[in-house]
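Residue numbering for the sequence shown follows the numbering used here, starting at 61 and increasing by one per position.
Note that the Cβ used here is the ideal one computed from N, Cα and C, for glycine as well.
Heads up, the thing below is written out as structure tokens.
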Amino acid sequence: MTSTSARPIALAHRFADELPELALSWRADEAPEPRLLALNEVLAADLGLDAAWLRTDDGLRLLTGERPPEGAAPVAQAYAGHQFGNYSPRLGDGRALLLGELATPDGRVVDLHLKGSGRTPFSRGGDGLAVVGPMLREFVISEAMHGLGIPTTRALAVVGTGRVVERETYQPGAVLARVASSHLRVGSFQYARATDDLALLRRLADVAIARHDPDLADADHPYRALFEAVVARQARLVARWMLVGFVHGVMNTDNMTISGETIDYGPCAFLDVFDPRTVFSSIDTGGRYAYGNQPAAAQWNLARFAEALLPLLADDQDAAVAYAVEALNGFAEQYNLAWTQGMRAKLGLPEGLAADVLDGLVQELFALLQANPVDFTGFFRRLADAARGDREPARALFLDLAGIDGWLERWAALAPDAVAMDRVNPVHIPRNHLVEAALAAATDGDLGPFEELVAVVRDPFTPRLGLERYAEPAPDDFGRYTTFCGT
Ligand code: AMP
Ligand code: MG
């Protein structure tokens, strides 16, 4: 293999140029023995990248950050953030790098970013590394989210580094190459605001507008419009999470994007049985980021975003606060709208349905789902069978048969549309027991189960003959599921 520079990819360094205060020029660690574990060929093609080249030695060394393309200027990004409610003025990319921005054939600009690329000045006590299991986990869960139509960062590749990394046990190291609309976060604004450099804050907001909301540059009040756009995106995003039972697990302000994409697949997992109190993350002992708390957590984060933006929202502080309070109220309204419309679709009911009828049905259903308790994803899929006249599969999930029979009767009277339901209710989510099994096998060198799981969750609405086990809940002996973050 040659060691010429990686020509097939051209990366810009606009973030580094436009926001040097938030960018620290840095290089990735060398990977002793890079080995490709997963390559997202479909995504590579969408990005105009040559998958065959990415598989070469030069390609792999680009994907680990060791050999960035000529002209690229990788940086560690600075950001602050509230973690579980506590403010940290300096988080930043402690194990990540922005390689640069890539122009796609369809005219978009995306970040190419690495996770697990070695220590940086933001690493604090951390080793700057990542390991195979969690990086493949980000790959499979973000592909599932994309398959479900939910805005998300994407995984381009996971490359094993050949390095051994110390965690609870020794684990094989890996680097994830991630693609995102941008890595601007609420925490980026908190960092800029904390510098007291108003020109920097304004420049950051201008960069965000240029990148995500170019139409707003001409608005009467571009910074207010930016704030409202982010509120709207996050309200819709979290509603989408709730509708598929996704629990992000670590909704810190540094993990909330300005783009409205889901980011940072650490301790996340999907609900099995419906329970709003569900927490998977080992460190979320207080349940701050429990399934049912996610809308409130998002709104809390957006209040921190408003605080950071305050000097740009009005000339005097009182007016800025008054504006922010009102704009934040828009979150609940937009969240409720997105969630209600989404629930209506999940139940196969028509658009014009009276709000009180829908609310009543949903509340009663959720009480039944929680009391029995019932597998969230499995129930909605089986409900389409009930819409086709066969109520037994859905009914069989409940202990309280009288309760569900009464509910099904009222619901069926509204003439639900089974075909429409099958378009929005997935057969396949990345089931926790299957994710764990696939990652354990991959860590031991067998990528087969991981690859099969990725293929299934990429196409979540299509039942697979012979792969029925992918649609089933965890066996009883799987027990309570716990995920670990920062690993
Ligand atoms: P996260 O939980 O991935 O959002 O990370 C929160 C912060 O911790 C960020 O500043 C990360 O860069 C940093 N971090 C997480 N894991 C490590 C690690 N292994 N080494 C250094 N920094 C880390
Ligand atoms: Mg993060």
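Span separating the alpha-carbon of residue i from that of residue j
i	j	result
E78	S248	14 Å
G152	T221	23 Å
S65	A380	Interpretation of S65 is limited by its pLDDT of 43, a score under 50 that renders its predicted location unreliable; the figure taken from the coordinates is listed afterwards. Rounded to whole angstroms, S65 to A380 spans 50 Å at the Cα level.
D324	E198	8 Å
R245	R364	11 Å
R458	W360	Checking the sequence, you will find Phe at residue 458 rather than Arg. When rounded, the distance between both Cα atoms is 36 Å.
P371	Q377	7 Å
A70	A217	17 Å
G352	P134	38 Å
A299	A398	6 Å
L409	R441	14 Å
Q354	L303	12 Å
I343	Y349	10 Å
L264	T255	12 Å
L276	A76	23 Å
V495	T322	19 Å
V290	G526	42 Å
R404	P520	19 Å
A268	D314	15 Å
V517	M481	18 Å
L258	D445	58 Å
F340	A357	16 Å
L443	R451	7 Å
L260	A240	23 Å
D435	A454	10 Å
V333	G347	17 Å
E469	Y541	34 Å
D118	P165	22 Å
L428	A501	37 Å
R262	L286	12 Å
L97	S177	16 Å
T62	T116	Reliability fails at T62, whose pLDDT of 44 lies under 50, so the model's placement of it is uncertain and no value is given.
H142	P149	9 Å
F544	R227	11 Å
A104	L162	12 Å
A132	N312	30 Å
A58	P129	Limits of the chain in this structure are 61 at one end and 547 at the other, which puts residue 58 out of reach.
F391	A384	11 Å
G412	R483	19 Å
Bridge partners - residue i, DSSP secondary structure assignment
i	result
S341	T543
A136	L84
G220	R95 and A234
E161	A72 and D171
L189	S177
Y147	H142
D435	V333
R483	In DSSP, R483 forms no bridge with anything.
A215	R238
R245	T317
Residue of the options minimising C-alpha distance to residue i
i	options	result
F426	E411, Y325, L407 and R540	L407
A72	M316, A140, Y541 and D171	D171
S183	P165, D344 and Y139	Y139
E532	N492, Y541, P94 and F510	N492
S421	A456, F436 and G466	Note that residue 421 is Leu in the sequence shown here, rather than Ser. Nearest option by C-alpha distance: G466.
G320	D332, V339, G346 and R271	R271
A475	P149, A447, A217 and L114	A447
I201	A500, I489, A502 and E393	I489
L99	T522, L429 and L123	L123
W301	Y383, D504, I210 and G449	I210
T400	A414, A387 and L373	A414
F144	V239, A105, T345 and R483	T345
T212	M316, R227 and D118	M316
E386	L362, D375 and L162	L362
V169	D106, L114 and V191	D106
E81	L120, L468 and A252	A252
F538	A497, S85, R238 and A285	A497
V219	Y230, E228, A456 and K175	K175
V102	A515, R529, P129 and G449	A515
Supposed close pair residue i, residue j - CB separation, criterion 8 Å
i	j	result
A234	M195	4 Å
L189	A215	17 Å between Cβ atoms; not a contact.
T503	V224	The pair is not a contact, with the Cβ atoms about 12 Å apart (cut-off 8 Å).
Q250	A368	5 Å
R238	H173	5 Å
Below-7 Å beta-carbon distance, residue i vs any chain B residue
i	result
A285	The structure shown contains no chain B; it holds only a single protein chain.
(request) Count the C-beta pairs between the region 287–307 and the region 318–331 that are closer than 8 Å, then say yes if the count reaches three, no if not. (result) yes
(request) Inspect the CB distances between the region 274–285 and the region 110–124 and report whether three or more fall short of 8 Å. (result) no
(message) Does the contact criterion of 3 or more C-beta pairs under 8 Å hold for the region 289–300 versus the region 499–511?
(response) no
(message) Using 8 Å as the cut-off, can you tell me whether the region 460–474 makes contact with the region 145–164, which would need three or more C-beta pairs spanning the two stretches below that distance?
(response) no
(request) Please determine if the region 86–93 and the region 194–210 are in contact, where contact requires at least 3 C-beta pairs separated by less than 8 Å. (result) no
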